[in-house]
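For the first sequence, the residue numbers in the working numbering are 584 to 863. Don't be surprised by glycine CBs; every beta carbon is placed ideally from N, CA and C. For clarity, every value in this text was computed on a predicted model and none was experimentally measured.
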Amino acid sequence: MPELPEVETVRRALMPVLEGRRIIRAVARRPDLRFPLPDGFGQRLTGQRVLAVRRRAKFLLIELEDGSVLISHLGMSGSYRIYPDPSPSPEKHEHIILRTDQDTEVRYNDPRRFGFMDLIDGAALDQYVMLKNLGPEPLGDGFNAEILSARLKGRQTPIKSALLDQSVVAGLGNIYVSEALFRAGISPKRTAASVAGRRASRLVPAIKSILNEAIDAGGASISDHRQPTGELGYFQHQFAVYGRQGQACPGCDCDLARTRGIAKITQAGRSTFYCSRAQR
DNA sequence: CACACAACCTGTCAGC
DNA sequence: TGCTGACAGGTTGTGT
């Protein structure tokens, strides 16, 4: 689930629960996620007031009153749940529990443990290894056709792979790359270099609109993923190509008896979905 | 430098 | 019903 729209949905759900609140107890129920948790993780969080819940690309940044920042990445299977008091006993994969001074619990659940958390000095945030090479925020003013073109120029990798590269643009994942390329009418097989220029000016608004619509829908709930409030995200119902191999793409007059409809291919080890007729 | 691929770990689902 | 293998939203590290 967690690409930019899903992380943004999480941020918006956590904001009213955490901002301005004090963490009265923080517990790590295991010593590691993808990486070991920092020393004294629970103690360093306990007693601190949360100043803000921010997002950079797919990273949640929870700013604390002592100037440190809790960095949280959801990996493939991470999710947050909010429990009002009294909260039930923790489930198997609820690894991190934050209890606030309103007796609300915020729990991080991550079966695969590809996600991670870290606690660092806010002054060092820009140099943090996982953040320092990120490209522009796709929804920011700094992301436009000129910027994207410059980053695609000369690259022979397929545009699909280039858009997954977080140093090109930060926040897209496997689902929204396929969706954005479909909306822009661009083949995922095309080289990144060949998209620089005119095609990039079609791609940028496609990326922005897809992401905005997904955020408005509360993200996409793939399989068992939910918003922290427990609600399902609805954007999955609006996928044009992702997971729809063999079907006709929206607005396409393909005769499925004669064509194979939406194709599923593998690029750089990841699934790509596209329509060879609507995308060139 | 640019790119492809394996690895990290667990759950789910299709097929037998 | 149970087993096996393939596959899944991401990112890093290694090898070519």
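Taking all protein chains in view, the Cβ of residue 686 is surrounded by fewer than 16 other Cβ atoms within 10 Å, so the residue is classified as exposed. For residue 799, there is no enclosing beta strand (DSSP E); the residue is part of the alpha helix (DSSP H) that begins and ends at 781 to 799.
The beta carbon of residue 812 is closer than 7 angstroms to those of 596, 665 in its chain, skipping five residues each way along the sequence. Rounded to the nearest angstrom, the gap between the Cα atoms of residue 614 and residue 699 is 11 angstroms. With a cut-off of 8 angstroms on Cβ pairs, the stretch 787 to 804 is in contact with the stretch 759 to 770, counting three or more such pairs.
Burial is judged here by how many other beta carbons sit within 10 angstroms of a residue's own beta carbon; residue 626 has fewer than 16 and is exposed. With three or more CB-CB distances shorter than 8 angstroms, the stretch 652 to 660 counts as touching the stretch 696 to 716.
The residues 638, 798, in chain order, have a CB closer than 7 angstroms to that of residue 591 in the same chain once the five nearest residues on each side in sequence are set aside. Taking C-beta atoms as the reference points, residue 830 and residue 848 fail to come closer than 8 angstroms.
With a cutoff of 8 angstroms on beta-carbon distance, residue 731 and residue 786 are scored as near each other. Per the C-alpha coordinates, the member of 852, 598, 833 positioned closest to residue 860 is 833. With a minimum length of 4 residues, the unbroken runs of alpha helix (DSSP H) contained wholly in the stretch 612 to 671 fall at 624 to 628.
In this structure, the straight-line span from the alpha carbon of residue 689 to that of residue 682 is close to 6 angstroms. By the neighbour-count definition (other C-beta atoms within 10 Å, threshold 16), residue 862 is a buried residue. Under the DSSP definition of a beta bridge, residue 850 partners with 853.
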